[in-house]
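The block underneath contains the structure these notes are about, expressed in structure tokens.
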Amino acid sequence: MAQMNDELRHGLRQLEQKAYEAVHKDAIELIKRDIHDPVPYFLLGRLAEDHKNFEKASELLEKAATLAPADPFFLAGHARYLIAVGNQHRALELADRAATLEAGDAWTADTIGVVYSRAGFHEKAIPHFETAVALNAEPSNYHYNLGASRQFSGNFEGAETAYLDAIARDPDAYRAYSSLVGLSRQTPEKNYLARLEFLFGELQAEPDAALHLGHAIAKTLEDLDDYELSFDWLVKAKATKRGALSYHISEDLALFDAAKDTINPRQTSQQASPPIFIVGCQELVRRLLTESSPVTAKSRQREN
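In the working numbering, the protein residues as written are 9 to 312.
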């Protein structure tokens, strides 16, 4: 297994700092030095992904993995990208290959775990998250990932330990706090309400943080039987996220009106069963409205 070399570490640090021009320049020099080196293709793939050039990102990450078929780092990196864009089958193929190889660094182990967890295979993810923590116990998110998969697998005690480990390394780890509160009923003797309210005050400008923390506060207050204040916190929790979304209910109402206008009364009266109106699946409704051929009720049920 090829160890993470200096060029790769340097490039990854530059990507974290969004020093994209430097990443591109260094990668091109590495390719000129050795066109078979997977490192520059991987870094350029991550750069393309950050700029939402997904076609190019897929091409470059696949090339890096092809050039280093026995290195789990590049296999895992490509799999992580594929699971993120919805290609679960191919992502799991690469993760399975990477899992048979020894992960020499924590990032690779954690990434394999992330692919499995996002695909719903939490029990397969846990050993890789445990390896990541064993190789490098400092990053808070490694412990959070382990806790989440343990929770989904029913190991609530182990999940609590991992979430607390995440918080110990990052006192602002709002996702860990949110998950921790969700593990059990909060009591007057044991709760994190004061810390949650403090963090909400510090992080409320961040939509995701406000959502997680506000919901954790609301859940705590509900457990403490303060239902009115709990509801107020639910509203407060969603306010920042709501403001960040470009959602307008008028668009949904117009979509529903268009769907109703497509109904042919004569065809409907001849059907053995009434038509099915699909709610909560906007993309599918749009597809149905734009298809040239009629869609039967049976096929609609199958697609939904």
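By construction, the Cβ of each residue, glycine as well, lies at the ideal position given by its N, Cα and C atoms. Fair warning: this is a prediction, and the values are worked out from it, not measured in the lab.
- For Tyr150 against Ala181, the beta-carbon gap comes to about 11 Å, at or over 8 Å, which does not count as contact.
- For Thr74, the enclosing alpha helix (DSSP H) begins and ends at 62-75.
- With respect to the 9 Å criterion, Phe81 and Gly112 are classified as neighbours on the basis of their beta carbons.
- Check the Cα spacing between Ala27 and each of Ile39, His59, Asp14: the tightest is with His59.
- Pro48: member of the alpha helix (DSSP H) spanning 46-58, first to last residue.
- The criterion of a C-beta distance shorter than 9 Å is not satisfied by Gly85 and Phe137.
- Rounded to whole angstroms, the separation of the alpha carbons of Asn163 and Gly128 is 15 Å.
- In terms of CA proximity to Gly166, Leu154 leads the group Ala176, Met12, Leu90, Leu154.
- In the DSSP assignment, Arg98 falls within the unbroken alpha helix (DSSP H) covering 96-107.
- In the structure shown, Pro80 falls within a helical segment according to DSSP collapsed to helix, strand and coil.
- Pairing Leu219 with Ala140, the inter-Cα distance amounts to about 28 Å.
- A direct Cα-to-Cα measurement between Ile257 and Asp265 gives close to 12 Å.
- A direct Cα-to-Cα measurement between Pro215 and Ser238 gives close to 19 Å.
- Between Ala224 and Leu204 the beta-carbon gap is near 5 Å, inside 8 Å, which marks them as a contact.
- Cβ-Cβ separation between Arg158 and Ala170: approximately 6 Å, consistent with a contact (criterion under 8 Å).
- Taken in chain order, the complete alpha helix (DSSP H) segments of 4 or more residues contained in the region 186-265 are 201-211, 215-231, 235-252.
- Check the Cα spacing between Ala213 and each of Ala247, Gln96, Thr195: the tightest is with Ala247.
- With a contact defined as Cβ atoms closer than 8 Å, Ala76 and Pro46 qualify at about 4 Å.
- Around the beta carbon of Thr228, 16 or more other beta carbons sit within 10 angstroms, so the residue counts as buried.
- Measuring C-alpha to C-alpha distances from Thr119 to each of Leu109, Ala133, Thr108 identifies Ala133 as the nearest.
- Taking 9 Å as the cut-off, the Cβ atoms of Ser187 and Ala156 count as close.
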